[in-house]
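Peer 1:
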Amino acid sequence: MTRTFRFAPSPNGFLHLGHAFSALLNADLADAAGGRFLLRMEDIDTARCRPEFETAIDDDLAWLGLSWEQPVRRQSEHFGDYRAALGRLEAMGLVYPAFLTRAEIRARTADPAWPRDPDGAPLYPDDDRQLPANEAADRIAAGAPYALRLRMDAAIRIAGPLAFLETGSGPAGETGRLGADPARWGDVIIARKEVPTSYHLSVVVDDALQGITDVVRGQDLFHATSVHRLLQVLLGLPEPTYRHHPLIRDAAGRKLSKSDGDSGLRELRAAGVTPAEIRRRIGLENPLPHPTPST
């Protein structure tokens, strides 16, 4: 099997050094394995993702010396794929509409003892699970905003025990064949009223359709792998090998973020920094050894 890697940014801002690290690492691993390197635009948020950001991503990656297969997959062009996957989950009775607003969620979960997910967000209350189907349908027909959430307990019962192969490491050094615990996330959002998908759903569908064998991404997504493995099993999708890499941080130890204005590549280019210097700064100046084979 040809090993296939991907870099999948969201075109909602400019790239920084953290993106450069992930893109270069994926490309280097693909090259070392004699495999494929793909670029995917994760642009389901059509309000924030813009063509000029996609163009800037292409320019930055080309400047770094990268090339990728065409055509580039844009999630906004494949909502039908996600609707089909969502329909399978709905047919299994695993999806329900959730109507609580952010303010209502904050009020319901204000108790410090309320359980939280690995990212620190409070787990969704179970109010909407109890709504009669006709009442939920009436609210939707009346135009009420809602998200579609996964009945996590029922999904776990169907899927059974879950695990994934980690060839990098988690934030605490976790590696090897690891147990997955999606219950820590509660009833995650898998689609919204205006968008028939979420990050969790679209990423597993895309990875399967693109034949991704190796998912190489930052340690900030390590715990999300549990949700992804659950969805892969429920939807009958293949299991890739995972490699979570350390994050590039600023001098204060903060993770770089587009939302905080950490758009360093364009500024570094303008300042005359070379691609070779970028590699040195992020620790990828030396050739990588042949990666561990997928299983």
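Quick note: the sequence shown, position 196, residue 196 per the UniProt record's numbering, numbers continuous. Backbone N, C-alpha and C fix where the C-beta goes; we use that ideal spot for every residue, glycine too.
Just how far apart, CA to CA, sit residue 43 and residue 248?
Peer 2: About 23 Å.
Peer 1: Is DSSP giving residue 152 helix, strand or coil here?
Peer 2: The answer is helix: DSSP assigns residue 152 an H, G or I state.
Peer 1: In chain order, what residues of the same chain lie with their CB nearer than 6 Å to the CB of residue 182, ignoring the 5 residues before and after it?
Peer 2: Hits under 6 Å: 226, 227 and 230.
Peer 1: Count Cβ pairs between the stretch 155 to 175 and the stretch 132 to 142 that sit closer than 8 Å; are there 3 or more?
Peer 2: Not touching, per the Cβ criterion.
Peer 1: What's the gap between the Cα of residue 294 and the Cα of residue 175?
Peer 2: Bear in mind that a pLDDT of 48 at residue 294, under 50, signals an unreliable position, so the number given afterwards is only what the model happens to contain. Cα-Cα distance, rounded: 14 Å.
Peer 1: Report the partner residues of residue 218 according to the DSSP bridge assignment.
Peer 2: Partner(s): 245.
Peer 1: So, at 7 Å on beta carbons, what are the nonlocal neighbours of residue 25 in its own chain, with the 5 sequence-adjacent residues on each side left out?
Peer 2: Correct list, in chain order: 216, 245 and 284.
Peer 1: Assign residue 21 to one of three DSSP states: helix, strand, or coil.
Peer 2: Of the three classes helix, strand and coil, the one that applies to residue 21 here is helix, per DSSP.
Peer 1: Would you kindly work out how many angstroms separate the C-alpha atoms of residue 31 and residue 207, rounded to a whole number?
Peer 2: Rounded to the nearest angstrom, the two C-alpha atoms are 19 Å apart.
Peer 1: Does residue 96 come out as helix, strand or coil in the three-state DSSP assignment?
Peer 2: In the structure shown, residue 96 sits in a strand (DSSP, three-state: E or B).
Peer 1: Tell me which same chain residues have a C-beta within less than 6 Å of the C-beta of residue 189, skipping the five on either side of it?
Peer 2: Only 147, 149 and 198 meet the Cβ criterion.
Peer 1: Taking the C-alpha atoms as reference points, what is the distance between residue 233 and residue 178?
Peer 2: Roughly 16 Å between the two C-alpha positions.
Peer 1: DSSP state of residue 263, grouped into three classes?
Peer 2: Residue placement at residue 263 is flagged as unreliable, the pLDDT there being 49, under the threshold of 50; a coordinate-derived value is accordingly withheld.
Peer 1: Could you check where the beta strand (DSSP E) with residue 55 kicks off and where it finishes?
Peer 2: Looking at the DSSP string, residue 55 is not in any beta strand (DSSP E); the run it does join, the alpha helix (DSSP H), is 51 to 63.
Peer 1: Which class does residue 176 belong to by DSSP, given the choice of helix, strand or coil?
Peer 2: Three-state result, residue 176: strand.
Peer 1: Quick check on residue 212: does DSSP put it in helix, strand or coil?
Peer 2: Note: residue 212 maps to coil in three-state DSSP.
Peer 1: Looking at the unbroken beta strand (DSSP E) that takes in residue 192, where does it start and where does it end?
Peer 2: Here the beta strand (DSSP E) through residue 192 covers 189 to 192.
Peer 1: Compute the Euclidean distance between the alpha carbons of residue 122 and residue 103, then round it to the nearest angstrom.
Peer 2: Their Cα atoms are separated by approximately 12 Å.
Peer 1: State the DSSP-derived secondary structure class of residue 165, mapped to helix, strand or coil.
Peer 2: Looking at residue 165 - three-state DSSP - the assignment turns out to be strand.
Peer 1: Going by the CB atoms, is the gap between residue 162 and residue 241 shorter than 8 Å?
Peer 2: Not closer than 8 Å, so no.
Peer 1: Taking 7 Å as the limit between beta carbons, can you name the residues of its chain near residue 205, skipping five residues before and five after?
Peer 2: Around residue 205: 81, 82 and 85.
Peer 1: Give the secondary structure of residue 79 by DSSP, where H, G and I count as helix, E and B as strand, and everything else as coil.
Peer 2: Residue 79: helix per DSSP, three-state reduction.
Peer 1: Using 10 angstroms around the beta-carbon of residue 114, count the other beta-carbons present and answer buried if the total reaches 16, otherwise exposed.
Peer 2: Answer is exposed; the Cβ neighbour count stays below 16.
Peer 1: State whether the stretch 57 to 72 contacts the stretch 92 to 111, with contact taken as three or more CB pairs (one from each stretch) at a distance under 8 Å.
Peer 2: Contact between the stretch 57 to 72 and the stretch 92 to 111 is absent, because fewer than three Cβ pairs lie under 8 Å.
Peer 1: Per DSSP, what are the beta-bridge partners of residue 37 in this structure?
Peer 2: Its beta-bridge partners are 5.
Peer 1: Do you know offhand how far residue 2's Cα is from residue 35's?
Peer 2: Roughly 6 Å between the two C-alpha positions.
Peer 1: Hey, would you say residue 11 sits closer than 8 Å to residue 79, going by beta carbons?
Peer 2: Against a cut-off of 8 Å, the Cβ pair of residue 79 and residue 11 comes out as no contact.
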